[in-house]
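Peer 1: Each residue of the sequence shown is one higher than the last, beginning at 21 in this note's numbering.
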Amino acid sequence: FPTGIMLQQHAIAIPHCEAIHAKSSAIYLLRPTNKVHFQQADDDNDVAVSLVIALIVENPQQQLKLLRCLFGKLQQPDIVETLITLPETQLKEYFTKYVLDSDE
Numbered sequence: 021f022p023t024g025i026m027l028q029q030h031a032i033a034i035p036h037c038e039a040i041h042a043k044s045s046a047i048y049l050l051r052p053t054n055k056v057h058f059q060q061a062d063d064d065n066d067v068a069v070s071l072v073i074a075l076i077v078e079n080p081q082q083q084l085k086l087l088r089c090l091f092g093k094l095q096q097p098d099i100v101e102t103l104i105t106l107p108e109t110q111l112k113e114y115f116t117k118y119v120l121d122s123d124e
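This is the structure in structure tokens:
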């Protein structure tokens with residue numbers, strides 16, 4: 021399935037498998053040195069992606085909840101910019117605190 025998403029300032033991709041194929045849940049944040057092309061989720065065009073959030077989720081309901089959370093948070097340009105530019109050593113903590121655990 022196409023998973024590229026063009027946001028205000030950056031393009032991202034959120035590839036994910038069907039929950040039935042997951043053996044254990046995981047989230048991978050990938051920031052390629054050179055942008056990677058993904059087909060857009062809403063049309064046939066490609067987008068050059070700066071951030072890939074790869075999801076493996078065992079529970080279908082949890083996967084839907086996580087996707088909704090991500091789509092909401094990634095509408096905020098400051099969060100996306102931080103995820104792209106933050107030093108790797110701080111990335112997991114920031115993602116957990118401001119994307120996954122935030123109630124905003």
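Every residue gets a Cβ at the ideal spot worked out from N, C-alpha and C, and that includes glycine.
In this text the structure is predicted, and so the values were computed from the model without any measurement.
If you count every other CB in all the chains shown that lies within 10 Å of the CB of HIS41, and 16 or more means buried, which is it?
Peer 2: Exposed: under 16 other Cβ atoms inside 10 Å.
Peer 1: Which two residues bound the contiguous alpha helix (DSSP H) that contains ASP98?
Peer 2: 97-105 is the span of the alpha helix (DSSP H), which, as asked, contains ASP98.
Peer 1: Taking 6 Å as the limit between beta carbons, can you name the residues of its chain near ALA74, skipping five residues before and five after?
Peer 2: Hits under 6 Å: PRO35, TYR48.
Peer 1: In the DSSP output, which residue or residues are listed as bridge partners for ALA39?
Peer 2: Partner(s): none; ALA39 has no beta bridge.
Peer 1: Could you have a look at GLN29 and say whether DSSP puts it in helix, strand or coil?
Peer 2: Three-state DSSP puts GLN29 in coil, outside helix and strand.
Peer 1: Give the DSSP-derived three-state secondary structure of LEU75 in the structure shown.
Peer 2: Correct three-state label for LEU75: strand.
Peer 1: Between GLN60 and ILE99, what straight-line distance do the alpha-carbon atoms span, to the nearest angstrom?
Peer 2: So the alpha carbons of these two residues sit roughly 21 Å apart.
Peer 1: If we define contact as Cβ-Cβ less than 8 Å, is LEU120 a contact residue for chain B?
Peer 2: This model lacks chain B altogether; it includes just one protein chain.
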